[in-house]
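This report concerns only the one structure given below.
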Amino acid sequence: MLPDGTQVDLARPPEGDALVLLQKDDLGRQILRHSTAHVLAQAVLSLWPDAKYAGGPPIEDGFYYDFDIGRPFTPEDLEKIEARMAEIVKEDQPFTREEVSLSEAAELFADQPYKSEWISEMDPEASEQGVIGDRVSLYRNGDKFVDLCRGPHVPSTGRIRSFKLTRSSAAYWRGDEHRPMLQRIYGTAWESPKALEQYLWRLEEAQKRDHRKLGPEMDLFSFPPEIGGGLAVFHPKGGLIRKIMEDYSRAEHEAAGYEFVVTPHLAKDTLFAKSGHLDWYREGMYPPMEMEGATYYPKPMNCPMHMLIYGSRTRSYRELPLRLFEFGTVYRFERSGVLHGLTRVRGFTQDDAHIFCMPEQLEAELASLLQFVLKVLRAFGITEFEAELATRPDKYVGKPEEWDQATEALRKALVSAGIPFEMAEGEGAFYAPKIDVHIKDALNRRWQLSTLQVDFQFPQRFDLEFVGEDGGRHRPFMIHRALFGSIERFFAILLEHYGGAFPTWLAADQVTVVPISDRHYDYAGQVAEHLRSTGIRVTVDASDQSLGNRVRKAQVSKVPYMLVVGDKEAEARTLSVKPRGGTEKRGVPLDDFTAQILEEVAERRVPV
RNA sequence: GCUGGUGUGGCGCAAUCCGGUAGCGCAACCGACUUGUAAUCGGUAGGUUCCCAGUUCGAAUCUGGGCACCAGCUCCA
Numbered sequence: 000m001l002p003d004g005t006q007v008d009l010a011r012p013p014e015g016d017a018l019v020l021l022q023k024d025d026l027g028r029q030i031l032r033h034s035t036a037h038v039l040a041q042a043v044l045s046l047w048p049d050a051k052y053a054g055g056p057p058i059e060d061g062f063y064y065d066f067d068i069g070r071p072f073t074p075e076d077l078e079k080i081e082a083r084m085a086e087i088v089k090e091d092q093p094f095t096r097e098e099v100s101l102s103e104a105a106e107l108f109a110d111q112p113y114k115s116e117w118i119s120e121m122d123p124e125a126s127e128q129g130v131i132g133d134r135v136s137l138y139r140n141g142d143k144f145v146d147l148c149r150g151p152h153v154p155s156t157g158r159i160r161s162f163k164l165t166r167s168s169a170a171y172w173r174g175d176e177h178r179p180m181l182q183r184i185y186g187t188a189w190e191s192p193k194a195l196e197q198y199l200w201r202l203e204e205a206q207k208r209d210h211r212k213l214g215p216e217m218d219l220f221s222f223p224p225e226i227g228g229g230l231a232v233f234h235p236k237g238g239l240i241r242k243i244m245e246d247y248s249r250a251e252h253e254a255a256g257y258e259f260v261v262t263p264h265l266a267k268d269t270l271f272a273k274s275g276h277l278d279w280y281r282e283g284m285y286p287p288m289e290m291e292g293a294t295y296y297p298k299p300m301n302c303p304m305h306m307l308i309y310g311s312r313t314r315s316y317r318e319l320p321l322r323l324f325e326f327g328t329v330y331r332f333e334r335s336g337v338l339h340g341l342t343r344v345r346g347f348t349q350d351d352a353h354i355f356c357m358p359e360q361l362e363a364e365l366a367s368l369l370q371f372v373l374k375v376l377r378a379f380g381i382t383e384f385e386a387e388l389a390t391r392p393d394k395y396v397g398k399p400e401e402w403d404q405a406t407e408a409l410r411k412a413l414v415s416a417g418i419p420f421e422m423a424e425g426e427g428a429f430y431a432p433k434i435d436v437h438i439k440d441a442l443n444r445r446w447q448l449s450t451l452q453v454d455f456q457f458p459q460r461f462d463l464e465f466v467g468e469d470g471g472r473h474r475p476f477m478i479h480r481a482l483f484g485s486i487e488r489f490f491a492i493l494l495e496h497y498g499g500a501f502p503t504w505l506a507a508d509q510v511t512v513v514p515i516s517d518r519h520y521d522y523a524g525q526v527a528e529h530l531r532s533t534g535i536r537v538t539v540d541a542s543d544q545s546l547g548n549r550v551r552k553a554q555v556s557k558v559p560y561m562l563v564v565g566d567k568e569a570e571a572r573t574l575s576v577k578p579r580g581g582t583e584k585r586g587v588p589l590d591d592f593t594a595q596i597l598e599e600v601a602e603r604r605v606p607v
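Taking numbering that gives the first Met the number 0, the leading residue of the first sequence gets 0, the next gets one more, and so forth.
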């Protein structure tokens, strides 16, 4: 099944390297993985003849297939299946396509309830899911296995060179939590052993960089069970890095004409009734608290409070655009199973702003806003951006014309910023279309980060107005936006992006001084004091350990600079400078190093 | 929330199947060594085995409940 419906004729495939080349592009890999999914199903059915098989598409980096064997698969099962798959590959069974009528297909899969369900839903008028008129396509490999499938496939199972089953897990039939739970086996397949090896390396590297592992290891943050799931505490070093991120963000916002506001964490139900949150997202909110005859909720968003600030007095068109910014902490009752380190939590802080502007200012404001977003994110070493433009969902408030107008303004901003983007139809928030900015990290993983939303609903619900040049009252437009999205989440992304080796301006400890022996402690202390007086964060490793031991500790700690000092350095007031990941340079005058690191920090230099 | 899994000194692990004094490495601490670039040597201390019940002469181990985490599903304003 290819999402874009492309058909590829592989009846006469290119041979040798050309096939590998073909399989290297996304389409080729999808075909390869889809074929491997068939082999997986074939293997499972040969081992468990009573198994019911549901379906298995290619996915990013691999494929899966859903089965029902009446119990979960064990790791031993996976080994057996993988071995059986290897046999099927070795037998080089040809994949062949055939077309049968819907009734023939129904008969063929009569004892396969999941397949039968697909067939029974197929519309003879439509041409999708492998259905051509009232006929449906099947793929067989050899005479051993047949599956309902649109294809295409590789010519034969022997083309599958490098695959591996990675894990198994439960999944609802057709993604519906009210339907039966099937057992899903995930695997990966690549055009060559080398590509598979690279993929496995990436997996391993991602595991090493996992912020849930690095965070506690580097003493940055933790999730005390006593506080509760999805609620993090930042330790001094994590808190320091977070403060540096916030300080930079504040400075940039101040320069860009934002004004700073502060709002409480709780509000009465009437506010969230007015904003619509209680109607639309009650189940995502923490439960209410009763107090003195009123009902309070922890806020799931900052918007309603910013609306109140805008509405607190008459606004003139001269004040617009009015940009209200806050590091606002919000609470959302995420279902327990979805919590994930710092990237999916129940309490988090948004770098949230609401911009109120006149209709004629909207386009220009969005365009400069998008540039601002990119500038700030680039300072953190993010270089690759993609965007999604999410349009009106099924559940929405407001008038369709307004949605169209807002969507068009967002689209123009994207075009003028030159960010590649795709449309995400129906993915907008209930009150607004939005741009989601995605970034790619050092391991080429995509993360959704910034969001820009044009909102016509809140100004209406809160009856916001401004007095125009004509002396009349008008409704402002409002833009919701967040750059980091959530500071916690962005912190985690940076931690993984850098694998813990933060650029110097962000690193909690920037320099470690290592005296060679205890008669060099004095000079080490002087060096540290000098650096500290210029604002550099420096520690001295005066522990009673061998030099090699302390050098190793400095390396492992990922501190940006290690300065080794001994007799020669003390005498000449120089340093042996070893940058993290670089080579040592001896005899560097203290003042030179100081000037150099200060410049690096001031420029917020990031590794290239 | 659902399915499956995991929870043992700060960290990584062993003992869990088949109940019988919880053990190892690293880190920490103390001492010796005074070092020129990724682990010096010797010693010491540290555990309510996630929590609460139950079974048992006896529970890290078995049973039930809870909490937290992990892989997914679903969800993600």
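Note that beta-carbon positions come from the ideal geometry of N, C-alpha and C, so glycine has one too.
Residue i burial status per 10 Å Cβ neighbour count (16 or more: buried)
i    : result
D133 : exposed
D67  : buried
K51  : buried
I87  : buried
Q197 : exposed
R208 : buried
K577 : buried
R317 : exposed
P588 : exposed
G340 : buried
N140 : buried
D278 : exposed
K114 : buried
E612 : Missing from the structure shown is residue 612; the chain here goes from 0 to 607 and no further.
H210 : buried
T73  : exposed
Y309 : buried
W200 : exposed
G336 : exposed
Terminal residues of the beta strand (DSSP E) in which residue i lies
i    : result
H437 : 433-439
R139 : 134-140
Q452 : 445-454
D146 : 144-147
Y185 : 180-189
S119 : That residue, S119, is in no beta strand (DSSP E); its alpha helix (DSSP H) goes 112-120.
The alpha helix (DSSP H) enclosing residue i, as first and last residue numbers
i    : result
G214 : 210-216
G237 : 235-254
F271 : 268-274
Y171 : Careful: Y171 lies outside any alpha helix (DSSP H), inside the beta strand (DSSP E) at 161-171.
E106 : 101-107
Contact check, residue i vs residue j, beta carbons under 8 angstroms
i    : j    : result
K557 : A601 : no
A553 : T511 : yes
L230 : R345 : yes
W446 : I438 : yes
L442 : E204 : yes
L514 : A523 : Contrary to the premise, residue 514 reads as Pro rather than Leu in this sequence. Yes, the pair counts as a contact, with Cβ atoms nearer than the cut-off.
E90  : T156 : yes
G186 : G61  : yes
A366 : G427 : no
I184 : L44  : no
L530 : V537 : yes
R472 : I354 : no
A431 : L369 : no
Nearest-angstrom beta carbon gap, residue j and residue i [assumed within contact, 8 angstroms]
i    : j    : result
H350 : F326 : Checking the sequence, you will find Asp at residue 350 rather than His. That pair is a contact at about 6 angstroms.
G150 : R96  : 6 angstroms
K143 : Q182 : Not really, about 22 angstroms apart at Cβ, beyond 8 angstroms.
P502 : R579 : Not a contact, Cβ separation roughly 10 angstroms.
Y330 : P297 : 4 angstroms
Q452 : I418 : No, Q452 and I418 are not in contact; Cβ-Cβ is about 16 angstroms, not under 8 angstroms.
Any non-hydrogen atom of the ligand SAH closer than 7 angstroms to residue i Cβ
i    : result
E495 : By its list of ligands, the structure shown contains no ligand whatsoever, and the ligand SAH lies outside what it can speak to.
Exercise for the section: Jot down the residue ranges of each uninterrupted alpha helix (DSSP H) in the stretch 473-514, minimum 4 residues, whole runs only, in chain order. Expected result: DSSP runs (the alpha helix (DSSP H)) wholly in the stretch 473-514: 486-496.
Handout entry: Unbroken stretches of the alpha helix (DSSP H), 4 residues or longer, contained in the stretch 340-419
Key = 361-378, 399-416
Practice task
Let me know the beta strand (DSSP E) ranges lying completely inside the stretch 282-326, each 3 residues or longer, listed in chain order.
Solution key: 288-290, 293-297
Handout entry: Complete runs of the beta strand (DSSP E) confined to the stretch 525-599 [at least 3 residues]
Key = 537-539, 560-564, 573-578, 584-588
Practice task
Could you name each continuous beta strand (DSSP E) segment of 3 residues or more that falls completely within the stretch 24-81, going from the start of the chain to the end?
Solution key: Scanning the stretch 24-81 for uninterrupted beta strand (DSSP E) segments of 3 residues or longer gives 51-54, 61-67, listed from N- to C-terminal end.
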